[in-house]
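When we follow numbering that gives the first Met the number 0, the leftmost residue of the sequence shown carries the number 0, and every step to the right adds one.
Glycine residues also receive a C-beta, built at the ideal position from the N, C-alpha and C atoms.
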Amino acid sequence: MAHFTFHGGIDLREHKERTKDLLIEEILPGKQLVFPMQHHENALVIPGEYVLAGQLLARSDDESMSRIHSSVSGVVKAIEKRMTIFGELCPCIIIENDEKYKEMDFGDFVEADDLENRQILARIMSAGVVDTASNGEPAYYKLDVKEPNKIRHIIINCAECEPYLTSKYRCAVERPEWIVEGLRILLKMFPNAKGILAIENEQQEAITSLQKILADSRNMKIIPMKRKYPQDAERMLIYACTGKKINSSKTAEDARCIVLNSDTVYAICNAVTFGKPMYKRLLTVSGDCVENPKNMEVSIGTILSELVAATGEMTDNPDKILCGGPMTGTLLKNLEVPVTKEMTAVLCLKDDYKRPEHTPMCIGCGYCVDVCNEQLLPTRLAKYALEGNMEKFVKFGGMECCECGSCSYICPSRRGLTQIIRMMKNQIKSGTEE
Ligand code: SF4
Ligand code: SF4
């Protein structure tokens, strides 16, 4: 069986053995759910109002923000500032859960074949489906391309190469029909495209499950890729599956591709055929401080501490709590923040990889260069960043860095290369935006 991959990358310790064979469990939320309205200026409910699961709570005039729906039935308790995973206070809609889980009437089952492409897009937009691979960008944004007939590949990212994370894998094992049906819906919108389910070659059980549903489909196939980090980054996937290279100034559309996560197409299937908004999420709660790690299906807005409590007592005090994987996740100050649509995991970890406070010396081993999937010179970029030399930083491709973290991870001197490069990139971007 051929394996597809990309230049560079690293072989990370997976830490998936504790959850990879565990069935997805539904975890019910507690008494209060919190829905942040980061840029949603239009709250559509008021305190005291009764809402149903699936009811629209807020929308924004900015189309890059997805709609927010309630994930439970209950009463709007307040609209007030609460903490989010980014460590900032933000206006939030607070729902008091009545624990009846009464849903809206989502209408009759719909065959995607009976819908026009515009109607499919409208259903995806109304359902507030976000692409979990793109920092919560609405999925319809990626699908609303200028020339649909030019798209040649719809790549569904079933890979999950960050350590500990297994909920996407479990989704492919347990619910492959939704992923394949979601892809079939998308292929209807892009008549000249072929569907690719890109998955790591070692995820054999998921490959077998997907294969059974695909049967002898002529326009969909599975591509088994080498297990390597960051195999699930968009540019790496496009290269591994099509051989096309794009840089940071180009989009997947320029390579005639659309790339979406498998959990996004799962939500698309739900939205288009059942009219169901995206108000649940699959994620993994794990880490070396978690007693009984789990793959969970949870309601958006649930407080993270309730999810961790569902895994039993912590075995140790974590040094760090992450939302997402250890390579690219967000460091949390505490667990009293709500689940969002793009969340993939909650990890409670001992820190076995503390970085020194000051940037240590480079010993010139070159490991960071070997692993850089963008074929950059991370040590040189860090030097230019520390010197504040923007011109050289840009000339040597600093803006191409995808912030995968591989160079920092591999560096024997434990230099925080990614962090230094990221800071310079942000500085340059904010200068360009002004
Ligand atoms: S973080 Fe940037 S520089 Fe470092 S390996 Fe990844 S792409 Fe290369
Ligand atoms: S891996 Fe670290 S020590 Fe080695 S060349 Fe890169 S920055 Fe220097």
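Assigned exposure category for F360 - 16 Cβ within 10 Å defines buried: According to the sequence shown, residue 360 is Met rather than Phe. It counts as exposed.
Contact set, ligand 2 heavy atom to C-beta under 7 Å: Every residue whose beta carbon comes nearer than 7 Å to a heavy atom of ligand 2 appears here in chain order: C361, I362, G363, C364, G365, Y366, C367, V368, P377, T378, A381, C406, I409, C410, P411, S412, R414 and L416.
Cβ-heavy atom distance, G434 to ligand 1, below 7 Å: Given a span of 0 to 433 for the chain in the structure shown, any question on residue 434 remains unanswerable.
Close beta carbons around R234, own chain, < 7 Å, minus the five adjacent residues each side: Result list for R234: I245 and C401, in chain order.
Alpha helix (DSSP H) segment containing P229, residue limits: Counting along the chain, P229 sits inside no alpha helix (DSSP H), nor does DSSP assign it H or E at all.
Rounded C-alpha distance that separates G29 from K149: So the two alpha carbons sit approximately 47 Å from each other.
Neighbourhood of S166 by C-beta distance below 6 Å, restricted to the same chain and skipping five residues each side: L281, L282, T283 and N294
CA-to-CA distance, F3 to L376, given in whole angstroms: 24 Å
From C371, N388, L385 and M423, residue whose alpha carbon lies closest to that of C410: C371
According to DSSP, residues forming a beta bridge with N294: T283
First and last residue of the uninterrupted alpha helix (DSSP H) at A138: A138 to L142
Completely contained alpha helix (DSSP H) runs for the region 10 to 59, where each covers 4 or more residues: none
C170 Cβ short of 7 Å to ligand 1 heavy atom set: Checking the Cβ of C170 against ligand 1 gives no.
Run of the beta strand (DSSP E) containing I94, from where it starts to where it stops: L88 to N96
With 16 other Cβ atoms within 10 Å as the buried cut-off, status of M0: Because M0 sits at a pLDDT of 40, beneath the cut-off of 50, its placement in the model cannot be relied upon, and the following sentence gives the value as read from the coordinates. Classification of M0: exposed, given that the 10 Å Cβ count is below 16.
Bridge-paired residues (DSSP) for F3: M224
Close beta carbons around V307, own chain, < 8 Å, minus the five adjacent residues each side: When the five nearest sequence neighbours on each side are left out, the beta carbons in the same chain lying within less than 8 Å of the beta carbon of V307 are those of V284, V289, M313, L334, V345 and C347, in order along the chain.
CA nearest to the CA of Y408, picked from K424, D369, L259 and D231: D369
Element boundaries [alpha helix (DSSP H), containing R117]: N116 to S125
Residue nearest to I362 in terms of C-alpha spacing, selected from L186, R379 and Q374: R379
Local conformation of C256 per DSSP, three classes: strand
Alpha-carbon to alpha-carbon, R17 and L120: 38 Å
heavy atom of ligand 3 below 7 Å from E161 C-beta: No copy of ligand 3 appears in this structure; the ligands present are ligand 1 and ligand 2.
T301 versus L11, E25 and H14, residue with shortest Cα-Cα distance: E25
Ligand 1 heavy atom lying under 7 Å from the CB of L375: Result yes, Cβ under 7 Å from ligand 1.
Same chain only: Cβ atoms within 8 Å of E317, ignoring 5 sequence neighbours per side: For the sequence presented, residue 317 should be read as Pro rather than Glu. Excluding positions up to five away in sequence, the list reads G286, C288, C347, L348 and K349.
Contiguous alpha helix (DSSP H) assignments of at least 4 residues, all confined to the region 178 to 219: DSSP runs (the alpha helix (DSSP H)) wholly in the region 178 to 219: 203 to 213.
Environment of P262 [buried if 16+ CB atoms lie within 10 Å]: Position check: residue 262 holds Asp in this sequence, whereas Pro was assumed. Label assigned to D262: buried.
C347 CB to nearest heavy atom of ligand 1 below 7 Å: no
Assumed close pair E102, G53 - CB separation to whole angstroms, cut-off 8 Å: 5 Å
Close beta carbons around A239, own chain, < 6 Å, minus the five adjacent residues each side: F3, T4, F5 and M224
Beta-carbon contacts of M389 that lie in its chain and below 7 Å, excluding the five residues immediately before and after: I427
Per DSSP, cross-strand counterpart(s) of K319: According to DSSP, K319 bridges with L348.
Coarse secondary structure for R81, derived from DSSP in three states: strand
Pair within 8 Å by beta-carbon distance, K187 and A309: In this structure, A309 does not lie closer than 8 Å to K187 by Cβ.
Stretch pair the region 154 to 173 + the region 249 to 269: three plus CB contacts closer than 8 Å: yes
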